[in-house]
Structure formats: structure tokens, C-alpha cells
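What follows is a single structure, written as C-alpha cells, with notes after it.
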Amino acid sequence: AKGTKKLAKNSFPEDFDWGCATASYQIEGAHDEDGKGKSIWDVFAHTPGTIVNGDNGDVVCDHYHKMEEDVKLMSDLGFKNYRFSLSWPRMFPTGDVKNVNEKGVDFYNRLIDELVKYGIRPLCTLYHWDLPQALQDKYGGMLSREFVNDFKAYSEKCFEFFGDRVKDWITFNEPSCICVLGFGLGMHAPGKADNPGEDVYLSSHHLLLAHAHSVDVYRKKFKKTQRGVIGITLNSEWWEPASDSAADRQAALRGMNFTLDIYAQPIWGDGEYPKSIRDAAGTRLPRFSLKEKKLLQGSSDFFGLNHYSTRIGGAPKLSIALQTLPREIKTLTSGMGSYGRVLNAIKPMINPFQPSYFKDMDIVSYPDPPGTEYTTMGWAVAPYGFRKLLNYIQKLYKPPGGIIVTENGLATNEPSPESAKADTNTTRIPFFKAYLEEMRKAIVEDGADVRGYYAWSFMDNFEWSFGNDKRFGLVRVDYETLERTPKPIAHWFTKLMAKNAIPK
Ligand code: GBH
């Protein structure tokens, strides 16, 4: 982002990419059609007590049948970049690439063709959480080393099928969510929480290796002819120190280490896990061989970042680090099965002899400053943290290929179409405006090399454990009629993209 200082007020670098994002299980529906196999989310969502209101992704937006309409709307709104994900079990029902479901492949071929037709660049995520259930049953999914080879084989097929038109690939969406929520807290599929001192690290380790091998295949077999780029998307809050004390600053840094650097340092740093994690987890943390380190280092052509909120972190005053848990846990109703699993994960924090990832992290979340506003997810609106996080990544890793913000956004309370409009004007536009202003400062004033931004999400969708009522969409979806209606924020984005500047 050299020379950006001269940019006109409110505007972004000339070649900046604006887009919107979705994920397969959250929008597609058609959960058992045309030969699709079950994913771990199909099974998890159908386990009683896991999802608010008993919602699931069986139908949701029915994007599988409304794909053409959705792409057209996206184009009408002026989007030129779209991030979506592929459902592995839709194309390979058993997870095994020898068993192809042609109709599933055909769906993604039609989607990609449709995007290309409208001049929308596809940014394709290989894994946004819907692992074939068959692989979970076969060997415990990501807890097994076998996952590495299966993911590599799956990704190779995707490059082969779609790489002629897809030039931008993301291997995994949010390793931290996958491993911490899926294998530490059990509030995401596959819902494990019985061994949070090991499973979080083991799944993370296999995920990182799977990523590295997938990138290696792409670079060796496809890059030369297909000429695309491939990377990974990490998620992180910004952990702001509770005070200037050394103890609080170290605690906040541990917060960054345990959410972001645990995945970033092996890829953009020295190929190792952060020292704070090695020290805290000891032998519970697997290590990379020299060869694996080499494979991991530099294995991402860009730094994909999903960011939603900021937390105030400090040194624990109590020996139990319960405060480390995500804030949205509070909003899960107490009668829910997933809440029970969360309690399982919390037990080791009270038992001094039982290890836990959360205990290792050793941080306490402090109250937000007075006057802080929260989204309906319970996450603090704290745009300053976005700028700090972008600077943290830029300074620590200087990612070649720059940073692409692959998700940012908010859910608001919109029980009716009218409230969708009202809420948008009071909450949604100010949120995006403030976050984008901070991103712009990071680029223009601080020199962070941010090259793209994707709003989460194109349309309302299935918000995982929280079901369908947490509406993140720029476009409203009526789950009865399946009608799509752009919210005012969608038109705001149209203006933003047309001018490449934040609307006044
Ligand atoms: C993303 O997850 C997902 O990629 C996407 O599928 C999802 O729909 C979207 O975001 C919205 O949730 O510790 O209190 O600050 C992001 C999930 C958001 C999980 C922030 C951890 C921490 C809240 N992360 N959350 S807090």
C-alpha cells in the first residue's frame, strides 16, 4: 500500500477488492438431495439440544435451488468478488475422492459459471466446517492424522474440477473456531469437550498439516497452468490489555498467541508454535518435524482474516480462567445440550490436575469500557481493535501478498422486515462505517497492506449454534417464503463500491 497517503478523503487504494461472503452449510439447504452425503453439521444440528430453537441447515436459504437468483442479485448490487465454500460431502458423500457425486460437482460448476458470467470473481473456501460425517465416524475426523491425506486428496480434486475458473483459494476457514469450539468447548460440530487439554492442539496440528499439504499440491501440480493464489483464513478478536502493567500486557499477548499466532506463527513466522503455548502445554502440544516446518513456512499467498470484536484481557487474579470463554456462551440457553458440553470443558478449569487449553491460555476477560455497545451476539462494538489487529499482523508477519479481510460484520435483531430496516439505519450502517474507517486508517496512516474486504454475509443464514434468528445478512431472507430483500446496508455497500470510498 505504498503511496496511499495521497488518497482522497474516505477512499481506498485503487485496486482494492470489495466483496461479500457466505458458507455452504449456512445457506445451501438441500441437505439430502441429489446424492449429497451427511456432514458433521447435519448430524450435530439434528442432535437435540445443540442449536437454539432446534434450527438446522436442512433448507435455510435454499440457495441450492435459488443460486441463479442469488448471483443475479449480487451482481445487481454491484459486487465484483464473492467468497463461498464448497461442501465436501455434497461432492464426495463418503469423504473418499474415489466416490464422486457428479450432481454435487455440477452444482458448483454452475455456480462458478454463473459468477463468471456476471464478472464476479469467485474466492473459494475448501473447508468451512462441513466435514463428511463418514470421516468423523471412520477415524474421529481431525483428531486423526489420516485427515491430512484425505483433505489433500479432496483439495486436489477441487483444483482439478474448478481451478480453470477459480483463481483464489482458501484452504480452511477459521482454524481457531474449528478446533476450540469443536474440540474444546463442544459448541460446534463434532461437539467434543471431554479432553480440552489435548484435542484442541491435536486437531489444530492436523489442520495445519492438511493446509500445508494442500497448498503444496496446488503449487506443484496446478499453479503453473492455473496461475491462482492459495491461502488460509484465520479468525481473531483483538485482545486489548486491561492496564499498562507488564502482567496485563503479557496476558493480552497470550490471548493473541492462543487465538491467532498458534496458526499464524507456523505459517508466516518461524514455523513453530508460540513459546507461551509450548511452555503452557508441554508434551500435550504436538511438534512439527523439520520437514513439516519447511512445508508450513510460507504456505499462504495472503493473510486471510476474519474479525468481529475486541476483548479486554488481563492477568488472572483467580486461578480459574473461566472468563476466557467466548462471551456468546452466556446467550446460549441453559437447557441446551451444547451448554452441557461447554460445562464439561469448563470442569478442568476448576480441577487443578486436569489440563485444558483454556487454562493454558491463562487470561481473564475484563469488563468493557463504560458505554460500550454490543451486537445481538453479545460481542462488543470496538472498531479501534480492528486497526490494532491489522497493525499487529502487519508488523509481526509482514505477509507477502497482503492481508485480505475475508469476513467482518454483525448480527442485529430483526424479527420483522420493518425492524430490519429500522435496525439497519441505527446499527448496521454505523457499524460498517466505523469498522471500515479504522481499516482505512490502518492502510493509509499506518501502512498496513490490506488488499480486500468481504462483508459477512451476503444474506441472512444459519448462524451455527445460534440458529436462524441471528441475522448477519446484507440481504434479508424470509425463511417462510424464501424471498430475498436487500436491507439499506446493501445499498450502502453499492455506493461504497461504486466510489471506492466510505459514503458520507
Ligand atoms: C465466523 O465465525 C464464521 O466464519 C461464520 O461462518 C459465522 O457465521 C460468522 O463468523 C458469524 O459468527 O470472545 O466474546 O469476543 C466467527 C466466530 C466470532 C467466534 C467471535 C468467536 C468471539 C466472541 N467468532 N467469537 S468474544
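Residue numbering for the sequence shown follows the UniProt record's numbering, starting at 30 and increasing by one per position.
Idealized CB from N, CA, C, for every residue including glycine.
Identify the continuous alpha helix (DSSP H) that holds S232 and give its terminal residues.
That run of the alpha helix (DSSP H) goes 228 to 246.
Start-end ranges of the beta strand (DSSP E) lying completely within the segment 319 to 354, minimum 3 residues
Fully enclosed beta strand (DSSP E) runs of 3 or longer: 332 to 335, 339 to 343.
Return helix, strand or coil for W408, following the three-state DSSP convention.
Residue state, collapsed to three classes: coil.
Within a Cβ cutoff of 7 Å, which residues of the same chain sit near K31, ignoring the five residues on either side of it in sequence?
Below a pLDDT of 50, predicted positions are generally treated as unreliable, and K31, at 48, falls in that range; the measurement from the model is reported next regardless. Its chain contains no residue whose beta carbon lies nearer than 7 Å to that of K31 once the 5 sequence neighbours on both sides are disregarded.
For the ligand NAD, any of its heavy atoms closer than 8 Å to the Cβ of P355?
Among the ligands modelled here, namely the ligand GBH, the ligand NAD does not occur.
Leaving out five residues before and five after K450 in sequence, what residues of the same chain have Cβ atoms less than 8 Å from its Cβ?
Listed in chain order, the non-local C-beta contacts of K450 below 8 Å within the same chain comprise K516, P517, local neighbours out to five positions each way being set aside.
Return yes when the C-beta of Y421 is under 8 Å from any heavy atom of the ligand GBH, and no when it is not.
At a cut-off of 8 Å, the beta-carbon of Y421 does not count as near the ligand GBH: no heavy atom of the ligand is closer than that.
Ranges of the alpha helix (DSSP H) found wholly within the segment 411 to 449, counting only runs of at least 4:
Correct list: 412 to 426.
Within 9 Å, strictly: CB atoms of H157 and Q279:
No, these two residues do not count as a Cβ contact at 9 Å.
If I follow the unbroken beta strand (DSSP E) through P161, where does it start and stop?
Counting along the chain, no beta strand (DSSP E) covers P161, and no H or E run does either.
For the segment 242 to 318, list the beta strand (DSSP E) runs that are entirely contained and at least 3 residues long, ordered along the chain.
Listed in chain order, the complete beta strand (DSSP E) runs (minimum 3 residues) inside the segment 242 to 318 are 258 to 264, 267 to 270.
Express the C-alpha separation of A276 and S348 in angstroms, rounding to a whole number.
Since pLDDT at S348 reaches only 48, below the 50 mark, its modelled position is unreliable, and no value is offered.
Near T288, what residues of its chain come up, given a Cβ to Cβ distance below 6 Å and the 5 sequence neighbours on each side ignored?
Excluding positions up to five away in sequence, the list reads S205, S265.
Can you find the residues in the same chain that come closer than 6 Å, C-beta to C-beta, to W297, ignoring five residues on each side of it along the sequence?
If the five residues before and after W297 are omitted, its C-beta is found closer than 6 Å to the C-beta atoms of Y426, P428, all from its own chain and listed in chain order.
Taking C-alpha atoms, which residue in A484, D397, L354 lies nearest to K462?
Looking at the Cα atoms, A484 is the closest of the given residues.
For the ligand GBH, I want to know if W117 counts as a neighbour, meaning its beta carbon is within less than 8 Å of at least one of the ligand's heavy atoms.
Because no heavy atom of the ligand GBH lies under 8 Å away, the Cβ of W117 does not count as near it: no.
Is Y230 near the ligand GBH, going by C-beta to nearest heavy atom under 8 Å?
Answer for Y230: no, Cβ out of range of the ligand GBH.
For the 8 Å Cβ check, are there 3 or more pairs between the segment 312 to 328 and the segment 394 to 414?
Not touching, per the Cβ criterion.
My parser needs the alpha helix (DSSP H) runs of 4 or more residues fully inside the segment 44 to 131; what are they?
Segments of the alpha helix (DSSP H) lying fully in the segment 44 to 131: 53 to 56, 69 to 74, 92 to 105, 117 to 120.
What is the residue span of the beta strand (DSSP E) that Y395 lies within?
In this chain, the beta strand (DSSP E) harbouring Y395 covers 393 to 395.
So the candidates are W408, P303, T312, V126; which of them puts its Cα closest to the Cα of L354?
Nearest C-alpha to L354: W408.
The alpha helix (DSSP H) spanning V473 covers which residue range?
Bounds of the alpha helix (DSSP H) holding V473 are 458 to 473.
In angstroms with no decimal places, state the Cα-to-Cα distance between N128 and L419.
Between N128 and L419, the C-alpha separation is close to 42 Å.
Look up I358 in the DSSP assignment and say whether it is helix, strand or coil.
The answer is helix: DSSP assigns I358 an H, G or I state.
Identity of the residues DSSP links to G481 by a beta bridge:
In DSSP, G481 forms a bridge with D46, I433.
Would you kindly work out how many angstroms separate the C-alpha atoms of S363 and G431, rounded to a whole number?
Its pLDDT being 48, under 50, S363 is placed unreliably in this model, and the coordinates cannot settle the point.
Quick check on DSSP: helix, strand or coil for M216?
Looking at M216 - three-state DSSP - the assignment turns out to be coil, as it is neither helix nor strand.
N110 versus I149: straight-line alpha-carbon distance, rounded:
Taking the straight line from one Cα to the other gives about 5 Å.
Rounded distance between the beta-carbons of P118 and K67, thought under 8 Å:
6 Å between Cβ atoms; contact.
From the DSSP output, which residues share a beta bridge with F201?
As DSSP reads the structure, F201 sits in a beta bridge with Y156.
Per DSSP, which residues does P532 bridge with? Please list them.
As DSSP reads the structure, P532 sits in no beta bridge.
Which value, in whole angstroms, describes the spacing of the CA atoms of R174 and H235?
Whole-angstrom Cα-Cα distance: 6 Å.
Three-state secondary structure (DSSP) of R139:
Three-state DSSP puts R139 in a helix.
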